[in-house]
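Colleague: First to last, the protein sequences are chains A and B. For the first sequence, this note's numbering gives the first residue as 1, with consecutive numbering after it. For the second sequence, this note's numbering gives the first residue as 644, with consecutive numbering after it.
There are 2 protein chains.
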Amino acid sequence: MQFHHHGYVSGDPRVQPAAGVGIDRPAQLPDEVDVLVVGTGPAGMLTAAQLSQFPGITTRIVERRSGRLAIGQADGIQARSVETFQAFGFAERIIAEAYRITEMAFWKPDPADPSRIVRAARAVDDATGVSEFPHLIVNQARVLDYFGEFMANSPTRMSPDYGLEFSSLEVADEGEYPVTVTLLQTAGPDEGQERVVHAKYVVGADGARSKVRESIGCTLAGDKANHAWGVMDVLAVTDFPDIRTKCAIQSGAGGSILLIPREGGHLFRMYVDLGEVPQDDAGAVRSTTVGQIIAKANNILHPYTLEVRDVAWHSVYEVGHRLTDRFDDVLPDQRGIRTPRIFITGDACHTHSAKAGQGMNVSMQDGFNLAWKLGHVLEGRSPESLLSTYSAERQVIAKNLIDFDKEWSTLMAKKPEEFASPSELEDFYVSTAEFPAGFMTQYAPSMLIAAPVHQELAAGFTIGKRFKSAPVVRVCDANPVQLGHQAAADGRWRIYVFADGAAPQQLAAAPSPAADLAEWIASSPESPLAAAPERADRDAWFDIKVIYQQDHTSIDIGAVPAAFKPQVGPFRLTCLEKVYATDAAADIFELRGLDRGGVVVVVRPDQYVANVLPLTATAELGAFFAPLLRAGSRAPEFQDHAG
Amino acid sequence: MQFHHHGYVSGDPRVQPAAGVGIDRPAQLPDEVDVLVVGTGPAGMLTAAQLSQFPGITTRIVERRSGRLAIGQADGIQARSVETFQAFGFAERIIAEAYRITEMAFWKPDPADPSRIVRAARAVDDATGVSEFPHLIVNQARVLDYFGEFMANSPTRMSPDYGLEFSSLEVADEGEYPVTVTLLQTAGPDEGQERVVHAKYVVGADGARSKVRESIGCTLAGDKANHAWGVMDVLAVTDFPDIRTKCAIQSGAGGSILLIPREGGHLFRMYVDLGEVPQDDAGAVRSTTVGQIIAKANNILHPYTLEVRDVAWHSVYEVGHRLTDRFDDVLPDQRGIRTPRIFITGDACHTHSAKAGQGMNVSMQDGFNLAWKLGHVLEGRSPESLLSTYSAERQVIAKNLIDFDKEWSTLMAKKPEEFASPSELEDFYVSTAEFPAGFMTQYAPSMLIAAPVHQELAAGFTIGKRFKSAPVVRVCDANPVQLGHQAAADGRWRIYVFADGAAPQQLAAAPSPAADLAEWIASSPESPLAAAPERADRDAWFDIKVIYQQDHTSIDIGAVPAAFKPQVGPFRLTCLEKVYATDAAADIFELRGLDRGGVVVVVRPDQYVANVLPLTATAELGAFFAPLLRAGSRAPEFQDHAG
């Protein structure tokens, strides 16, 4: 965390100085906004939180409820989401209050007496170490709280506008604010009245019954529901020994339970199988009472018993897997002709079972993918064509999710005798671990993702996948840190320069490819830095870090090129925290398969690897960024970032 | 973190439900209080934060300033303090914003050209792994903020009463509120007016010029100041390469600097040697300007230069080492005859140089030592004689500190040619690392600290020293955790039962010493639990945890004795989080030298090991607690704790 560089900060350094539209931000929704986000679920809140880092952009987020969500339904937090929370500054805190999944247990009918269940297997969660972050369970409402805190502490001082429901929108062909949105006031003195807002862009994060989706003529397509589950969050007394462990429980009598322990040490969630739903059920299964769900759970758990003492929440749902074919308002025949104005995210685009614990996670990544693109386009850094990559990148991810979830929920609903092998369920769970952890996403080549021409220089940083952190040592203060964790969700591109073998030494300064690259970055008109506004800090758009192959005692920080030590803030202080050495106990060059001749790794603001290049490939680096940057920026007068 | 056991908690679980005096807590200072804390420095705030966990006790903390501290002088946070912050729930957050010391560099005159300094050595901070917590630098104001947040979120909903300065006090021989305190209102509409408050106990945490100390006839005694230092917190540009590393810098021209990098990546503190102060100086040295300090620093740093761009704070001080002979109002001839009513803590008791980074840390441990004792006595759990242990335990610690600091600051002020060996300074730094990290404290046997009769059963849990955490695995959810971190600052005693070799198994239940002890704890009238109020949860006063020698898959939690699985909260839910297994990768029995026949380790609410006993020593365990507990508790009607 970097602060004090504008002068002494006495209070919480997480509260950034107000700037731009955050100074005297109007309490009431203005008539004109740059981005209107509809819905305060995980996708909407992440979108708004990311945009809250752009002081020149007016973003508002409206919610039909009159206030904060009290009980959310989603609770599964995959490691990729915790990684994302780290960039938003609240990973440690949410970890501290969440339930952490380290193992999953599989219970089956006892072969000796199929009326009784027995523990058949245990599987370690993330046995392969796909992430340094844990797999958590925590109420969605808390995730939203943390994003809300982040946006309130951002320079734009954002908070949701509650009590406003989306009614309809129209997109004009021209004008600065071409989208006209009609909202209905659902609370307050003007309840029942309409409110019209003009926006440049609208993000529909308004859930499975999205009216924004409807307004752009998208529909969810997919299979019909045919299997029902009762779900309950309860406090109970039980002799079932794994009540605080995630369990898949299959009974001999038929029926199964997915048990998800919840945060706080006592609460847990059970998904209880209510069986096939007849075609002519007409929703009758949804009237199943919590008493019936509890009775069914007791049957499945036999010989163990469950005495429920308090029900926090319960519901019945039928599994449906549905998806839209596009995530924006550009019809297939208009692709390449016009760019989108309206986007949909999260449940508005994809619905599926809750049991793989994916929904909230994939929704948040929708928002993470979209928000920085809106920021860069609205600031004038990037052309509008950037916005077309959102639907292209995320629709395929949602498709993969739905395919995975169909397989998992079908397996969960199978009867024991239907399995191909006794361990089919746990084998599937273990073999697919990277998917539900959130790390299988790999974006295809596009204007944002280079073709993997030089991939072999950095085998462990797969182009199109998220940048996987590894330990390094910060030279200036000898602190061991995770390199990936030094990248905040501030909308900046990252350029990691993994140096060739020459250590920077004052007394033995010799030319090296890393030093030559630094010189090019700092001074070439072809450098991406040349596109950034001169009045801003040199690291305002690009966070450039260097990692040397030596240990920190071998690096003379005075001899490190200036491109890696930018002057920042009004006092023009030297930032020394972008210079790293190798951690002898965990060499990042070894861990990530980096070429000892050096390599440049370009990472997007949403943490995905965009390009891998040789140190000497300045022309390619310049050419990669050229279409993403354009002159005439409308960036704010003074802009800097924390790190 | 445990919650939901009183029903679903939607918001931040760190906000505990208001209870007792926290329900409708009066905004204005009442006329009668149980404890009046004077001063909101680190000692006072920790005392108040700890007492805020006792819903039956009215604690108020007054401060002569009109609000929060903006810039504090103290900044060194030893690992023992971070360990303490962990118990108060804010270690991760303060670590995230602090500067972390991992190395110290030693700069000396270049033998080839003594006009230039060169780096002579580097020393790793905590090379022996005395703690799993880091050594930090962070502004005192932030420490106070976090304690303030903790007390505001406590059941008592405490916050400081600003604008009230201590004037005087009188102690009567009798009455329920025998201490009459006169305060002066220093802010608000009644500024300048007196305010009289009646208290049961008063804690003077009012600094080096403590009026509470004066009121009980204590004086600081010690050496006169004779060496002056200029100190400045600045933002600067420099070519000195270790500007972000803690450094001791000794110049050939004379003079030295202690450089302490500060949080945020840019700010740093320098203690610049201003030399011997003549006897007839009469404070003239204190008029040294910051410009003169900067000039002196530039001389010492030659050939490097320092261009200061912003001064956040600066001061000049002369080193003094002074100490009171008692920390309460009981004169030597009254010891054993009466118990104390007035206590002094922190700088009110001990002053010394700032350069060992000790002051704030030792002060906080004063408060941690005292506060739970006040809580237990006021709740009627413990006799008033408990309060006499505070001065007895802490005065000797302060004496040790002053001796250490004298040695360190004398070394720091030495000229290079005066050293016995070239590495004398760094050798001292490395060899004494445990002291400044805060872990040398060892309380002597008393009513609270048993004689080390059975110490050999737990060689790594030294009686009288703080309980050193080690990894274990929580059985119910297979989570790897640090055992010591499961102990919140909730005022409870901890009893750790390290089991004998028998694993609890339903189908092979056999008698074992651990199971016998559990039975005794749960049912014997001699058990300490028998003293706790029946209406409270069984773990309200004693947090009893069991650690088995097996790995978690070998423990049948259903067969674990009930004493280790208490019923909690209004729903009488079973707490399963007190049962631990050994971590195969880090066996706590090996790491802490625990007897394989099992051992009981008793830990005080302030984290110090009070006793080590065989599993069979129930009589000794009962006898240890008997003098600390007494019947007729005035504990609140319903009491429980989080974990």
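Even for Gly, the Cβ is constructed at its ideal location relative to N, Cα and C.
Going straight from the alpha carbon of L425(A) to that of F133(A), what length do you get?
Modeller: 25 Å
Colleague: Output the boundary residues of the alpha helix (DSSP H) element that contains G367(A).
Modeller: G359 to L378
Colleague: In the stretch 745-771 of chain B, which residues sit with their C-beta less than 7 Å from some C-beta in chain A, listed in chain order?
Modeller: T745, E746 and R765
Colleague: Any chance you could list the alpha helix (DSSP H) runs of at least 4 consecutive residues sitting entirely within the stretch 404-443 of chain A, in chain order?
Modeller: 424-431 and 434-437
Colleague: Answer yes or no: does any C-beta atom of chain A fall closer than 8 Å to that of P1270(B)?
Modeller: Using a CB distance cut-off of 8 Å, P1270(B) does not count as an interface residue toward chain A.
Colleague: In the DSSP assignment, find the unbroken beta strand (DSSP E) run with I1200(B) in it and report its ends.
Modeller: Note, I1200(B): premise wrong, no beta strand (DSSP E); not H, not E.
Colleague: The stretch 538-558 of chain A: which residues have C-beta closer than 8 Å to a C-beta of chain B, in chain order?
Modeller: T553, D556, I557 and G558
Colleague: Please determine if the stretch 162-182 of chain A and the stretch 346-366 of chain A are in contact, where contact requires at least 3 C-beta pairs separated by less than 8 Å.
Modeller: no
Colleague: Answer with buried or exposed for E165(A), where buried requires no fewer than 16 other C-beta atoms within 10 angstroms of its C-beta.
Modeller: buried
Colleague: Could you tell me whether the stretch 398-407 of chain A touches the stretch 347-358 of chain A, using the rule of 3 or more Cβ pairs below 8 Å?
Modeller: yes
Colleague: Thinking Q455(A) and V612(A) are a contact (beta carbons under 8 Å), I'd like their distance in whole angstroms, please.
Modeller: 6 Å
Colleague: Taking the alpha-carbon positions, what's the L136(A) to V35(A) distance?
Modeller: 31 Å
Colleague: Applying a beta-carbon distance threshold of less than 9 Å, which residues of chain A neighbour F646(B)?
Modeller: E97, E263, G264, G265, H266 and L267
Colleague: Nearest chain B C-beta to A49(A) closer than 8 Å, yes or no?
Modeller: no
Colleague: Once the 5 residues before and after A478(A) are set aside, which same chain residues still bring their CB inside 6 Å of it?
Modeller: The residues are H552.
Colleague: Measure how close the beta-carbons of A43(A) and A489(A) come, nearest whole angstrom, since I'm counting them as under 8 Å.
Modeller: With a Cβ gap of about 15 Å, A43(A) and A489(A) do not count as contacting.
Colleague: Please tell me whether N796(B) has its Cβ less than 8 Å away from any Cβ of chain A.
Modeller: no
Colleague: Per DSSP, what are the beta-bridge partners of M913(B) in this structure?
Modeller: Assignment of beta-bridge partners to M913(B) by DSSP yields M875(B) and L902(B).
Colleague: Residues of chain A with CB closer than 9 Å to the CB of L1172(B), please, in chain order.
Modeller: Ordered by position in chain A, no residue passes the 9 Å Cβ test against L1172(B), which lies about 21 Å from the chain.
Colleague: Buried or exposed: where does I1190(B) fall if 16 or more other Cβ atoms within 10 Å of its Cβ makes it buried?
Modeller: buried
Colleague: Along chain B, which residues have their Cβ under 7 Å away from the Cβ of F249(A)?
Modeller: Before going further, note that residue 249(A) is Ile rather than Phe in the sequence given. Neighbours of I249(A) on chain B: none; closest Cβ ~16 Å, over 7 Å.
Colleague: Among the candidates F571(A), M45(A) and K545(A), whose CA atom is the shortest distance from the CA of L645(A)?
Modeller: The structure shown does not extend to residue 645(A), since chain A is modelled only from 1 through 643, so no value can be given for it.
Colleague: Kindly indicate which three-state DSSP category E174(A) falls into: helix, strand or coil?
Modeller: coil
Colleague: Apply the 10 Å Cβ neighbour rule to G291(A) and answer buried if 16 or more other Cβ atoms are within range, or exposed otherwise.
Modeller: exposed
Colleague: Find the nearest neighbour of I1106(B) within the set I1040(B), R1117(B) and A1093(B), judged by alpha-carbon distance.
Modeller: A1093(B)
Colleague: Taking C-alpha atoms, which residue in S446(A), A458(A), Q185(A) and P383(A) lies nearest to L629(A)?
Modeller: P383(A)
Colleague: Could you pull the start and end residues of the beta strand (DSSP E) that Q482(A) belongs to?
Modeller: N479 to Q482
Colleague: For the beta strand (DSSP E) holding G847(B), just list the boundary residues, first then last.
Modeller: E837 to G847
Colleague: Closest to M158(A) by CA distance: which of A27(A), I117(A) and V377(A) is it?
Modeller: A27(A)
Colleague: Report the residues of the stretch 466-484 of chain A with a CB closer than 8 Å to any CB of chain B, ordered along the chain.
Modeller: C476, D477, A478, N479 and P480
Colleague: Taking the alpha helix (DSSP H) that M158(A) falls in, what are its first and last residues?
Modeller: Per DSSP, M158(A) belongs to no alpha helix (DSSP H) and is neither H nor E.
Colleague: How about C1218(B): is its C-beta nearer than 8 Å to some C-beta of chain A?
Modeller: yes
Colleague: Classify A1229(B) as helix, strand or coil using the three-state DSSP reduction.
Modeller: strand
Colleague: Which chain B residues sit within Cβ distance under 9 Å of F564(A)?
Modeller: By Cβ distance, chain B contributes nothing, its closest Cβ being about 14 Å from F564(A), past 9 Å.
Colleague: What span of residues does the alpha helix (DSSP H) with D1159(B) cover, start to end?
Modeller: P1156 to S1166
Colleague: Could you tell me the alpha carbon to alpha carbon distance between D971(B) and F986(B), rounded to whole angstroms?
Modeller: 4 Å
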